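This report concerns only the one structure given below.
Residue numbers (my numbering): 275 to 370.
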């Protein structure tokens, strides 16, 4: 499911992201019921799941921020990082 989510996030497929979110919410009670029943043998698998979930979270945050920036530019807002207020570089003569 997390691999599907990764793909949907990279494609910015809102419908797929919403569907996967619903699946994850439906799975939550089952996972909560497993608390305390998992041992050291499951630790590597749980760590991989955690890392994938964190990666997907970063993708989601990046997509949201990117879309926000595009909408700002499209609506005539400031282009952060592309301002003309920055001083222009000057040449420095080192020959004397």
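For each residue, glycine too, the CB sits at the ideal point set by N, CA and C. Note that this is a predicted model, so its numbers are computed, not measured.
| task | Pull up the distance between the alpha-carbon of residue 331 and that of residue 369, whole angstroms please. | result | For this step, residue 331 is matched to residue 57 along the chain shown. For this step, residue 369 is matched to residue 95 along the chain shown. Approximately 53 Å, taken between the alpha carbons.
| query | Residues in its own chain within less than 8 Å of residue 294 by CB, not counting five upstream and five downstream? | reply | For the purposes of this step, residue 294 is identified with residue 20 of the chain shown, where counting begins at 1. Excluding sequence neighbours, residue 294 sits near 275, 278, 279 and 282.
| DSSP on residue 343, reduced to helix/strand/coil? | For the purposes of this step, residue 343 is taken as the residue at position 69 of the chain shown. The answer is helix: DSSP assigns residue 343 an H, G or I state.
| query | To the nearest angstrom, how far is it from the Cα of residue 351 to the Cα of residue 288? | reply | Counted from its first residue, the chain shown places residue 351 at position 77. Counted from its first residue, the chain shown places residue 288 at position 14. Cα to Cα, residue 351 sits roughly 25 Å from residue 288.
| message | If the criterion is Cβ atoms closer than 9 Å, does the pair residue 320 and residue 312 meet it? | response | Here residue 320 refers to the residue found at position 46 when the chain shown is read from its first residue. Here residue 312 refers to the residue found at position 38 when the chain shown is read from its first residue. Contact: yes.
| In three-state terms, what does DSSP make of residue 286? | Against the chain shown, residue 286 aligns to sequence position 12. Correct three-state label for residue 286: coil.
| message | Given a cut-off of 9 Å on the beta-carbon distance, is the pair residue 337 and residue 286 in contact? | response | Residue 337 sits at position 63 when you count from the first residue of the chain shown. Residue 286 sits at position 12 when you count from the first residue of the chain shown. Yes. Within cutoff.
| said: Given this structure, state the Cα-to-Cα distance separating residue 284 from residue 342, to the nearest angstrom. | reply: Counted from its first residue, the chain shown places residue 284 at position 10. Counted from its first residue, the chain shown places residue 342 at position 68. Distance between the alpha carbons of residue 284 and residue 342: 16 Å.
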